[in-house]
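K.L.:
Chains as they are written, first to last, in my numbering: chain A, 1 to 628; chain B, 1 to 295.
Okay, structure coming up:
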């Protein structure tokens, strides 16, 4: 499925151009009032904006907090400096440079390209590490790895004077040779904006956001989060490298401390204050923090006299003023985390707003209802040709507790099979095994000829086994329609054949009126129906539903039975449904398996199962013991 | 052989401090799922207490309990002012909050004291050594190891034998269930911060004795060591945190003495690299804690 050109490309481009214009115009206006003194401030702000946008691409889309991007910046900065400065300067600073580097000189553009390349290689290695450490939103180990990267680069920069000029000398450009026009900065900023916005609207960016919202649900939907996260990391590192090269060039020199803790704090604070989940927010944050810091600096410089208050000296000695900027940063970051952790703009985007304004008046027509491809049920006249889902001899141990003890079942592509059993019987565990989320000690499961035991969750989902979760897992920050749309996009890539229309599914789930509401705002019943619609959008071979009616009234439950059967028929999927409610299961199933203490104690049609004394014993306990 | 034994003793001394720091980090992580980047600030605060009291001519015997007390109080204050407000927030918010606390505290010292490094007198015995056979053992290392051993035994008793310890361990294993079973979250979280402050205070006394100086950014290194050691051990495992601290200390000393001179100045870098590799190949840390993820 191609991106929708208007929504996913056209509007973002227009939005970026507008943002860029406003941002730059703001800087230029300030500059025209303040004169030359403000010129440098604005230049620095533009460069900070590029670096912050780079960080946003990773942190915003994946939700992984990275302290390491300034470490990547240091690598890029040094690579740029080593290739770009003149041989005479190198002879002075780093006469013993390794690899004959003091012979090489490139023009700044090429040096920037080399810097990107070098940094990308490091980023790829770090990315593998992050992936292995199980990076997901808020993952602690991943954050510490990035922190370690920051310290390693700083440590190497300080202690490898042959390459970096060490801690005191650093590397400098000849005075006057540094950046003398802002054009490259403008171009790079615009490029960074466009890259950040287009990535967020791309398939990859959207899947990364899905994994940010719920890693497990994303994998169960066929998304491999590690691929999307690594893509986000590489793209973000490109932007950070460009920004860092510009920063070094503009500054005319580089020292280890230029790319260390305090700059990490500054850039992160900008991102957090503005809103890390939004490109607009990143720019807002840069602007707000630049203004705030400048304000704090001038407050320190001139005392409170700026405001005609004449409060000078006293407790405000020079130390106090000198460090007002740092205090301002720390307090801003802490304050926003405590009181408004999504920043000033949350995930608001300028182009998204424009799009809604543009399309606000025309409301799309309610889609046609879904047509049933093939009626589900054993009574279908022609035998279905799809693959059978077969599971056997599954054993799962949790510590000393045997959750599953040789359980097995099979589902045909045109039937609805119920799996019932008391709490703790192992029902959910069995679904977890089939979808690759729990590794069984023994047993086998396959879809037709395909052995699924060695495959990971997202591969199993792509093979056509789609599940829902007992404890609802939706992508909360996305709208109802986006939840279903994402699944449809994954399906378009990985599941050949025809796919049900997203709008039709949303309507079928009874969610048409709330399609633009965020998933986290839905009531319980609607959330359950959305999960069902999202799974159906993958055009699965089998739907595995874990307690789809828990917490529903009898009337809602009956309605759900109808929906499940209808949706399954519309996407031509077999169904395995789990519940502990006998009435619900007998109402929906063609065949029923009864699970107790980890193994199947009975199987058959609803009537047969209900008549089985073993089932009554399991369900009614002592009473049926007394009968026998 | 002698050199190895010497390294082991040095590493054990260094590792003991790391172990105390890591244990403090792990205790808080257990109850709040918060990786406390502000843990080192407890030592910074203690350092300024030491600077002022020693400057006033007080002896280390009086200053030592004051350092520990200030760390405990600071830990409780941080919890009250900042962390209690983000309880139950996303992991991302928690991480950045503790990072923010770290910066605000160091900024306060920047503001009201000075950015410069201020020296104070170290106790006279810190650099003394005595010989056992061919080994030169520092009095300092001996004291560190002994005090750490006593502290760990005390902490173990506290965790195993008291009602508070039981609640804390229960909360660390499964906070929600513990709360349902009647563990009061306020009590257990504040208790955890107090314990964390106590451990940091004890570690801080030794850290400061050796450093003999203090600056607003002095907390970064101990914080980093504590956090890394806790991660090496596998966050959430208290035993793992102690092991992680000892492993980190030993690794540093061994690497510094074994690496060729040209690389020796990069020891810290090599250690970080090893840790990154550890995470890549064993993301759950040295000590595995089984977390049941409900799906």
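Glycine residues also receive a C-beta, built at the ideal position from the N, C-alpha and C atoms. On a predicted model such as this, the values are computed, not experimentally measured, just so you know.
1. Excluding the 5 residues preceding and the 5 following residue 558 (chain A) in the sequence, name in chain order all residues of the same chain whose CB lies nearer than 8 Å to its CB.
2. What's the call for residue 252 (chain B), buried or exposed, on a 16-neighbour Cβ count within 10 Å?
3. Does the Cβ-Cβ distance between residue 54 (chain A) and residue 335 (chain A) come in under 9 Å?
4. Kindly indicate which residue of B:117, B:229, B:248 and B:260 has the alpha-carbon position closest to the one of residue 23 (chain B).
5. Alpha carbon to alpha carbon, how far is residue 102 (chain B) from residue 12 (chain B)?
6. I'd like the list of long-range same chain contacts for residue 456 (chain A), defined as Cβ closer than 6 Å, with 5 residues on each side in sequence excluded.
7. Counting Cβ pairs, one atom from each stretch, are 3 or more of them under 8 Å apart for the region 386 to 403 of chain A and the region 548 to 557 of chain A?
8. Where do the N-terminal and C-terminal ends of the beta strand (DSSP E) with residue 287 (chain B) fall, by residue?
9. Is the Cβ-Cβ distance between residue 270 (chain A) and residue 48 (chain A) less than 9 Å?
10. Less than 9 Å between the C-beta atoms of residue 541 (chain A) and residue 464 (chain A), yes or no?
11. Could you name the residues of chain A that residue 85 (chain B) contacts, counting a contact when the two beta carbons are closer than 7 Å?
12. Under 9 Å, Cβ to Cβ, is there at least one residue of chain B near residue 132 (chain A)?
13. Interface residues of chain A around residue 227 (chain B) at Cβ under 7 Å?
14. Among B:105, B:270, B:140 and B:227, whose alpha-carbon lies nearest the alpha-carbon of residue 115 (chain B)?
15. Run the CB neighbour count on residue 20 (chain A), radius 10 Å, all protein chains shown included, and call it buried at 16 or more, exposed below.
16. Rounding to the nearest angstrom, what Cα-Cα distance links residue 150 (chain B) and residue 184 (chain B) in this structure?
17. Based on DSSP bridge pairs, tell me the residues matched to residue 411 (chain A).
18. CB-CB under 7 Å to residue 341 (chain A), same chain, minus the five flanking residues each way: which ones, in chain order?
19. Going by DSSP, what residues sit across from residue 450 (chain A) in a beta bridge?
20. Roughly how many angstroms lie between the CA atoms of residue 207 (chain A) and residue 338 (chain A), to the nearest whole one?
21. Looking only at C-alpha atoms, which of A:36, A:261, A:150 and A:279 sits nearest to residue 18 (chain A)?
22. Got a sec, what are the start and stop residues for the beta strand (DSSP E) residue 131 (chain B) sits in?
23. Please work out which residues of its chain come closer than 6 Å, Cβ to Cβ, to residue 537 (chain A), disregarding the five sequence neighbours upstream and downstream, and give them in chain order.
24. Just mark residue 181 (chain A) as buried or exposed, buried being the case when its beta carbon has 16 or more other beta carbons within 10 Å.
25. Since I believe residue 58 (chain A) is in contact with residue 69 (chain A) (beta carbons under 8 Å), could you give me their beta-carbon distance rounded to a whole number of angstroms?
26. Which word fits residue 58 (chain B), buried or exposed, when buried means at least 16 other C-beta atoms lie within 10 angstroms of its C-beta?
27. Judging by CA-CA distance, which residue of A:425, A:226, A:502 and A:532 is the nearest neighbour of residue 62 (chain A)?
28. Determine which residues share a DSSP beta bridge with residue 420 (chain A) and list them.
29. Does the contact criterion of 3 or more C-beta pairs under 8 Å hold for the region 407 to 424 of chain A versus the region 578 to 587 of chain A?
30. If the cut-off is 7 Å on Cβ atoms, which residues from the region 249 to 272 of chain B count as contacting chain A, listed in chain order?
31. Could you tell me whether the Cβ of residue 220 (chain B) comes closer than 9 Å to any Cβ of chain A?
32. Output yes or no for whether 9 Å exceeds the beta carbon distance between residue 490 (chain A) and residue 467 (chain A).
33. Looking at residue 151 (chain A) and residue 92 (chain B), is the spacing between their C-beta atoms short of 9 Å?
34. For residue 277 (chain B) versus residue 14 (chain B), is the C-beta spacing smaller than 9 Å?
35. Give me the Cβ distance between residue 94 (chain B) and residue 33 (chain B), rounded to the nearest whole Å; I'm assuming they're in contact under 8 Å.
36. If we count Cβ pairs, one from each stretch, closer than 8 Å, do we get three or more for the region 476 to 483 of chain A versus the region 507 to 522 of chain A?
P.N.:
In this structure, then:
1. 587
2. buried
3. no
4. Of the residues B:117, B:229, B:248 and B:260, the one whose Cα lies closest to the Cα of residue 23 (chain B) is B:229.
5. 28 Å
6. 436
7. no
8. Boundaries for residue 287 (chain B): no beta strand (DSSP E) harbours it, and the DSSP string shows neither H nor E there.
9. yes
10. yes
11. Near residue 85 (chain B) (Cβ distances below 7 Å), the residues of chain A are 338.
12. yes
13. 144
14. Of the listed residues, the one whose Cα sits closest to residue 115 (chain B) is B:105.
15. buried
16. So the alpha carbons of these two residues sit roughly 29 Å apart.
17. Beta-bridge pairing links residue 411 (chain A) to A:389.
18. none
19. A:447
20. 28 Å
21. A:279
22. It spans 129 to 132 - the beta strand (DSSP E) in which residue 131 (chain B) sits, taken as one unbroken run.
23. Taken in chain order, the residues that qualify are 484, 487, 488 and 505.
24. exposed
25. Contact between residue 69 (chain A) and residue 58 (chain A) is confirmed by a C-beta separation of about 7 Å, below the 8 Å threshold.
26. exposed
27. A:226
28. A:579 and A:594
29. With the cut-off at 8 Å, the region 407 to 424 of chain A and the region 578 to 587 of chain A touch.
30. Residues of the region 249 to 272 of chain B that bring their beta carbon within less than 7 Å of a beta carbon in chain A comprise 265, 266, 268, 269 and 272, in sequence order.
31. yes
32. no
33. no
34. Cβ distance not < 9 Å, so residue 277 (chain B) and residue 14 (chain B) don't count as in contact.
35. 7 Å
36. yes
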